[in-house]
Amino acid sequence: MKIELLLSAGALVVAAMAVAAMPPQDARSRGGDDAAAPGVDHAAMHAQMVELNKPGPEQADMKKMVGTWQVAVKTWEDPAASPDNSKGTSTIEMANDRQLLEHFSGEIPDMGGHYEGWGILAFNNATKEYEHVWRDGMNSGLMWSTGKKAADGTLTMTGKSTCPMGPMTVRTVSKMNGNDAFHFEMYGTIGNMPEMKMMEMDYTRGKPASR
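Under our numbering, the first residue of the sequence shown carries the number 424, and numbering increases by one thereafter.
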């Protein structure tokens with residue numbers, strides 16, 4: 424589910440609870456059928472909220488990403504040209520047993536040299552979809568994505584971002600290979616241009632080698 428829909432659903436829940444708590448005379452003063460509407464079942468709503476908030480197998484699976492990773496990066500500005508190669512380090516931790524928090528730091532020439540980015544990945548128990556938010560030092564905005572994981576563990580997500588050429592649709596494909604390797608690809612579509620591969624990242628678990 425898109426973050427915007429999540430916020431909208433939350434607003435509806437708050438509004439429903441406020442109406443249920445409204446004194447009877449206030450509800451009747453509104454007139455119409457609303458005055459006779461049944462009250463909200465607070466116990467059922469609370470039970471559903473508690474159930475949807477429980478970490479499940481998807482969150483447990485996400486924990487496999489926790490740790491420090493060395494990242495080999497390939498970036499393309501021209502799909503017909505050879506990619507630029509660079510390296511970085513990513514640290515990933517779990518928040519509240521529910522969301523993954525990532526901090527990437529590295530040197531990526533295509534992105535102006537030193538590059539840092541921060542991401543949050545979550546599995547929404549209500550919609551059965553993954554949700555991802557990314558921000559970095561190259562953009563004042565955020566990239567929002569949602570998607571599902573296939574039976575083989577491949578997670579495909581689509582979202583929106585903005586680049587110097589305008590709005591861009593983004594598609595990412597990622598998959599863990601065992602416990603110590605993770606592969607990520609990002610594709611972008613700008614306007615009527617065909618989709619192009621923009622980035623490829625190979626994560627290997629382990630701290631930087633000491634000098």
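Ideal placement from N, C-alpha and C gives every residue a C-beta, glycine not left out.
- Within the region 562-631, no run of alpha helix (DSSP H) at least 4 residues long lies entirely inside it.
- Closest option to N600, judged by alpha-carbon separation, among M485, G576, S584, V593: G576.
- By the beta-carbon neighbour count (other beta carbons within 10 angstroms, threshold 16), G564 is exposed.
- Following the DSSP letters along the chain, one finds V496 in no alpha helix (DSSP H) but inside the beta strand (DSSP E) bounded by residues 490-498.
- Out of F607, T550, N602, the CA that lies nearest to the CA of R628 is found in N602.
- Sequence-distant Cβ neighbours of E516 in its own chain, meaning closer than 7 Å and more than five residues away, are V489, L524.
- With a beta-carbon spacing of about 17 Å, Q471 and R521 fall beyond the 8 Å limit used to define contacts.
- M616 is the residue among M616, F607, S513, S568 whose C-alpha sits nearest the C-alpha of G589.
- P532 and D507 do touch by the CB rule: their CB atoms are close to 5 Å apart, below 8 Å.
- By the Cβ neighbour-count rule, A604 is exposed, with fewer than 16 other Cβ atoms within 10 Å of its own.
- Distance check between E618 and each of Y626, W499, A466, S509 places W499 closest, using alpha-carbon atoms only.
- By the CB criterion at 8 Å, L544 and M622 fall outside the cutoff.
- Judged by DSSP secondary structure, D501 falls outside any alpha helix (DSSP H); it is assigned neither H nor E.
- When the alpha-carbon of D625 is set against those of M609, I613, P480, the nearest one is in M609.
- D559: member of the beta strand (DSSP E) spanning 552-559, first to last residue.
- Residue pairing from DSSP places K510 in a beta bridge opposite A495, E530.
- Here G479 is exposed: its Cβ has fewer than 16 other Cβ atoms, across all protein chains shown, within 10 Å.
- Residue environment analysis places E554 among the buried positions, since at least 16 neighbouring C-beta atoms fall within 10 angstroms of its C-beta.
- Pairing K572 with R594, the inter-Cα distance amounts to about 13 Å.
- For A545, the uninterrupted beta strand (DSSP E) run begins and ends at 536-547, by DSSP.
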